[in-house]
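Peer 1:
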Amino acid sequence: MRDVMLILHFVGLVMGLGTSFAHAFLDKLISKMEPEAAVKFRLQVMLLSRMGYLGIVLLIISGIYLVIPYWSTISSNPLLIIKLSLVFILSILIILIGQGTRKAQQGNAAHHLKKIEPLGKLTLLIGITIVIIAVNIFH
20 MRDVMLILHF
30 VGLVMGLGTS
40 FAHAFLDKLI
50 SKMEPEAAVK
60 FRLQVMLLSR
70 MGYLGIVLLI
80 ISGIYLVIPY
90 WSTISSNPLL
100 IIKLSLVFIL
110 SILIILIGQG
120 TRKAQQGNAA
130 HHLKKIEPLG
140 KLTLLIGITI
150 VIIAVNIFH
């Protein structure tokens, strides 16, 4: 069962971090567009975020299973505590991005998309940091 959960964990990682990378690359393209076209395009590519949501759900579900053997010694593993804290922060950011996206689709899209833009960049940075910490913990 552990191998299945580990596979699901990596699939979730690819989906979640892949979404952040995709948005980062698309931001370069969007920055060259006219403002009105950029807003319209950004609203359309926000569909990619659904892949990220599914990825984080897979990460959390499989991660809970995978961390159980370490739970009794978690207090002696500060990197694991940091990693779990960053996953919690990442989850909150993803929820905030989802709320901002819904507001953008309801109206005043440019304003709401501008507000969530830095959150998206932060999720990429946090996601990479989580991977680096995980490699250090489980290597």
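The sequence shown begins at 20 in our numbering and counts up one residue at a time. Positions of the beta carbon are idealized from the N, C-alpha and C atoms, including for glycine.
Quick one: grab the DSSP three-state call for G37.
Peer 2: As a working mapping, residue 37 is identified with position 18 in the sequence shown. Three-state result, G37: helix.
Peer 1: Between the stretch 136-147 and the stretch 32-43, can you find at least three pairs of beta-carbon atoms closer than 8 Å?
Peer 2: Output reads yes: the stretch 136-147 touches the stretch 32-43.
Peer 1: Out of H158, K102, I152, L132, point me to the one whose CA is closest to M65's CA.
Peer 2: Sequence index remark: in the sequence shown, residue 65 carries index 46 (1-based). Of H158, K102, I152, L132, the residue nearest in Cα terms is L132.
Peer 1: Going by C-alpha distance, which of I152, V58, L36, V154 is nearest Q124?
Peer 2: Residue numbering aside, residue 124 sits at position 105 when the sequence shown is read from its first letter. Per the Cα distances, V58.
Peer 1: According to the Cβ coordinates, are I152 and L115 closer than 9 Å?
Peer 2: Numbered from 1 along the sequence shown, position 133 holds the residue referred to as residue 152. Numbered from 1 along the sequence shown, position 96 holds the residue referred to as residue 115. It is not a contact, given that the beta carbons lie outside the stated cut-off.
Peer 1: With burial defined as no fewer than 16 other Cβ atoms inside 10 Å of the residue's Cβ, what is the status of I100: buried or exposed?
Peer 2: As a working note, residue 100 is residue 81 in the sequence shown. It is exposed - the Cβ of I100 has fewer than 16 other Cβ atoms within 10 Å.
Peer 1: Starting from Y84 and walking both ways along the alpha helix (DSSP H), at which residues does that stretch end?
Peer 2: Sequence index remark: in the sequence shown, residue 84 carries index 65 (1-based). That run of the alpha helix (DSSP H) goes 67-86.
Peer 1: So, are the CB atoms of Y84 and M34 less than 9 Å apart?
Peer 2: One-based indexing of the sequence shown puts residue 84 at position 65. One-based indexing of the sequence shown puts residue 34 at position 15. Not closer than 9 Å, so no.
Peer 1: From what residue to what residue does the alpha helix (DSSP H) around T92 run?
Peer 2: Start at 1 with the first residue of the sequence shown, and residue 92 comes out as number 73. That residue, T92, is in no alpha helix (DSSP H); it is neither H nor E in DSSP.
Peer 1: For a quick check, are the C-beta atoms of L27 and I80 less than 9 Å apart?
Peer 2: Position 8 of the sequence shown holds residue 27. Position 61 of the sequence shown holds residue 80. Yes, Cβ-Cβ distance for L27 and I80 is below 9 Å.
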